[in-house]
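Trainee:
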Amino acid sequence: MTLMKRLCLTLYVLLLRQCGLRALRRGDYGRARQLTDRIRRLEGKKQR
Numbered sequence: 092m093t094l095m096k097r098l099c100l101t102l103y104v105l106l107l108r109q110c111g112l113r114a115l116r117r118g119d120y121g122r123a124r125q126l127t128d129r130i131r132r133l134e135g136k137k138q139r
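In my numbering, the protein residues as written are 92 to 139.
1. Rounded to the nearest angstrom, what separates L144 and M95 at their Cα positions?
2. Rounded to the nearest angstrom, what separates L133 and G121 at their Cα positions?
3. Take I130 and list the residues in its own chain whose beta-carbon comes closer than 7 Å to its own, dropping the five residues that flank it on each side.
4. Hey, L126 and C110: beta-carbon distance below 7 Å or not?
5. In the DSSP assignment, find the unbroken alpha helix (DSSP H) run with G111 in it and report its ends.
Rendered as structure tokens:
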């Protein structure tokens, strides 16, 4: 169960990163910052 959860989280983070890069290319810095903040929060939860 935890392994599946970790896998899903990793995939989700990768997806968010992809969206963030796309937003950066468009020059949508607010959205990109929002996404990176979400990623940081998720990775912080993973370490705990």
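Ideal Cβ positions, reconstructed from N, Cα and C, are used throughout, including at glycine. Just so we're clear, the structure is a prediction, and the values are computed from it rather than from any experiment.
Mentor: Let's see:
1. Outside the shown range of the chain, which is 92 to 139, sits residue 144, and nothing can be said about it.
2. 19 Å
3. V104, L107 and R108
4. If you check the CB distance, L126 and C110 come in under 7 Å.
5. T93 to R117
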